[in-house]
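A short worksheet on the structure shown next.
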Amino acid sequence: MISPEEFSKTLHQLGFDTAVGVPDSTFKGLISYFSSQDIFKHIIASSECEAMGIASGYYLGQKKPALVYMQNSGFCKTLNPFTSLLSDDVYGVPALMLVGWRGEPGKKDEPQHKMMGRIMIDLFKVMEIDHLVLDENQWQNQLQTARQYIEEKGLPFIIAIPKGVFDDYKIKSTASPYAMTREEVLEVVVENTSDNVSFVSTTGKTSRELFEIRARNNDDHGKDFYTVGSMGCASSIAFGVGLADSSRVIYVLDGDGAALMQLGNMTTLGHYKNTRLKHILIDNGAHESTGGQPTVSQGVNFLEMGKACGYESVVQVDNREDLHVQLKDLEKNDKLSLLVVKVKKGSRPDLGRPTTTPKENRDAFIRRFRG
127 MISPEEFSKT LHQLGFDTAV GVPDSTFKGL ISYFSSQDIF KHIIASSECE AMGIASGYYL
187 GQKKPALVYM QNSGFCKTLN PFTSLLSDDV YGVPALMLVG WRGEPGKKDE PQHKMMGRIM
247 IDLFKVMEID HLVLDENQWQ NQLQTARQYI EEKGLPFIIA IPKGVFDDYK IKSTASPYAM
307 TREEVLEVVV ENTSDNVSFV STTGKTSREL FEIRARNNDD HGKDFYTVGS MGCASSIAFG
367 VGLADSSRVI YVLDGDGAAL MQLGNMTTLG HYKNTRLKHI LIDNGAHEST GGQPTVSQGV
427 NFLEMGKACG YESVVQVDNR EDLHVQLKDL EKNDKLSLLV VKVKKGSRPD LGRPTTTPKE
487 NRDAFIRRFR G
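Residue numbers (this note's numbering): 127 to 497.
Below, the structure is given as structure tokens:
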């Protein structure tokens, strides 16, 4: 496998000094190394579209290409900035794009990655972006090839990264001022809600933990819509569910990284004010599912943001006792509500994945919600 340190040093020697992107578990060792070292200016963006904009601006300021990384599930977000900003038909802005290949044909992966994995290479071709697939035995030569292309053509070049080609690299853990984990918060939330509540949970470990809590309690999985992909869309899915003519209360179980990726959702929720919608934002300051790389949530005041967007009740808690108190009011307060819960990083090493398929979850949720 490839050493993240050696790969980073080679990139730096080739003239790359700035890395920006959205973390991906496919090459989490490399991204974690970026987060832990000062070999690059390193920016963790909120979305892939934003990352492409930052890379373009850096080129305008330095006339040097940036390194942009992402998972292939977020690659389609770059369609707009690529075709209308970076492409040769517009400004012609170079960048080296590292795209993680989730759902690669012939390799086991989760269902939300299958289609993107299958069509990824064809998408590169349709978008007319030259590319190669990283080979752990040829990577030095491949980086040279990519750098030469960028130098000669002045355009973006993609290196697709299969799973398992990079060594792991652990981000050093730091003490957290918060006592609860995300799973502990979810347990308290489930215990303190009635059967009239339906849940929409965000992608990653939040949905995985909620599924296992239901299984341990022998509870109805139809109470929950587990958003296994579509990062950032849980709150908009819940908003859509709330458009139905139903008296059921809807809880969004969100994460800081997901919420930051689609902050515009909060403006829509605040404008239309469905008082049965309750937005629970569990903030651990990290992209935990991809290796624990930090988000920018430590500099974000979600409470003030909620107020500015039009939420009628905004509260933050960081301990079990206060969480219990707020949950007593949340379900029945008849207000569009935002409850921010500060937690520490961490999850069980034996955390599994849902044993039902996404379509089975869809059908169970529909039956219960409409029942």
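Note that the Cβ used here is the ideal one computed from N, Cα and C, for glycine as well. From a predicted model like this one, the values you see are computed outputs, not experimental measurements.
Burial state of T481 is exposed, judged by a 10 Å Cβ sphere holding fewer than 16 other Cβ atoms.
DSSP places T144 in the uninterrupted beta strand (DSSP E) bounded by T144 to G147. Taking R402 as reference, the option from K289, V367, R228 and Q266 with the minimal CA-CA separation is V367. In the three-state reduction of the DSSP assignment, G200 falls in the helix class, which pools H, G and I. Excluding the 5 residues flanking it on each side, V259 has same chain C-beta neighbours closer than 7 Å at A286 and P288, in chain order.
Along the stretch 157 to 237, the beta strand (DSSP E) occurs as fully enclosed runs of 3 or more residues at 167 to 170, 192 to 197 and 221 to 226, listed in sequence order.
Fewer than three Cβ pairs drawn from the stretch 316 to 335 and the stretch 289 to 300 lie within less than 8 Å of each other, which leaves the two stretches out of contact. The C-beta separation of S134 from I165 comes to about 5 Å, placing the pair in contact by the 8 Å criterion.
Non-local C-beta neighbours of Y398 in its own chain, meaning closer than 8 Å and more than five positions away in sequence, comprise F365, ordered along the chain. Of all C-beta pairs linking the stretch 418 to 426 to the stretch 168 to 180, three or more are shorter than 8 Å, placing the two stretches in contact. DSSP places Y352 in the strand class (E or B) of the three-state scheme. When only Cα atoms are considered, G155 and K471 end up about 18 Å apart. Ranked by Cα distance from M357, the first of F208, T393 and G200 is G200. Beta-carbon to beta-carbon, W227 and M246 are separated by about 6 Å, close enough to satisfy the 8 Å threshold.
Here D261 carries a coil assignment [DSSP, helix/strand/coil].
For G381, the secondary structure class from DSSP, reduced to helix, strand or coil, is strand. Taken through DSSP and simplified to helix, strand or coil, D409 comes out as strand. Your pair M178 and F208 checks out as a contact, with CB atoms roughly 7 Å apart and the cut at 8 Å. Cβ neighbours of A384 within its own chain (closer than 6 Å, five residues either side excluded): T328, M357 and G358.
In the three-state scheme derived from DSSP, where H, G and I count as helix and E and B as strand, S333 is classed as helix. Annotation: the continuous alpha helix (DSSP H) that includes I492 extends over P484 to R496. The straight-line gap separating the alpha-carbon atoms of G381 and D448 is approximately 19 Å. Rounded to the nearest whole angstrom, the C-alpha separation of E438 and F142 is 46 Å. In this structure, DSSP gives S362 a helical state, which the three-state scheme calls helix.
Under DSSP, L464 forms a beta bridge with H405 and V440. Secondary structure at Q388: coil, using DSSP grouped into helix, strand and coil. Under DSSP, the beta-bridge partners assigned to I285 are L224 and L258.
A buried status is given to E335, since no fewer than 16 other beta-carbon atoms sit within 10 Å of its beta-carbon.
As computed with DSSP, I128 is found in a beta bridge with F292. Only buried fits Q388, as 16 or more other CB atoms lie within 10 angstroms of its CB.
DSSP, reduced to helix, strand and coil, places I245 within a helical segment of the structure shown. In this structure, Q238 places its C-beta atom within 8 Å of the C-beta atom of G355. Secondary structure at I376: strand, using DSSP grouped into helix, strand and coil. If you compare the alpha carbons of A490, R493, F491 and G478 with that of E236, the shortest gap goes to G478. Between F428 and L456 a beta carbon distance of about 16 Å is seen, past the 8 Å cut, so the two are scored as non-contacting. For P420, the pairing in a beta bridge is given by DSSP as A412.
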